[in-house]
Amino acid sequence: MESNEVANVQYDRWNEDNINMNVEPPQSPAMRVYNRVCNGSTGVVVKAAGALGALVAVYIMGYLTGYYVHVCSC
4 MESNEVANVQ YDRWNEDNIN MNVEPPQSPA MRVYNRVCNG STGVVVKAAG ALGALVAVYI
64 MGYLTGYYVH VCSC
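The sequence shown: position 47 = 50 (the working numbering), numbered continuously.
Shown next, in the form of structure tokens:
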């Protein structure tokens, strides 16, 4: 006898009244991208790269701000 726990769609051929159509609804493309990019080891890499990019952007903004503050004041 087969286990019915593996499949989402279950059909008992001996009893036609016992048909279970519990199929998960399809995910939107945005949720599929989110699940792929933001979870697991790929998510850790993406978050680390984003944090490094933000750190570099703040450093460059601070450098430019300090440069213009010291150049413009006489």
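For each residue, glycine too, the CB sits at the ideal point set by N, CA and C.
Note that the structure is a prediction, hence the values are computed from the model and not measured.
Fully contained in the stretch 14-68 are the following beta strand (DSSP E) runs of length 3 or more, in chain order: 22-24. For G69 and P32, the gap between their C-alpha atoms comes out near 44 Å.
Taking C-beta atoms as the reference points, V49 and V40 count as a pair closer than 8 Å. M64 and V26 have their C-alpha atoms some 51 Å from each other. The C-alpha of A51 lies about 11 Å from the C-alpha of S44.
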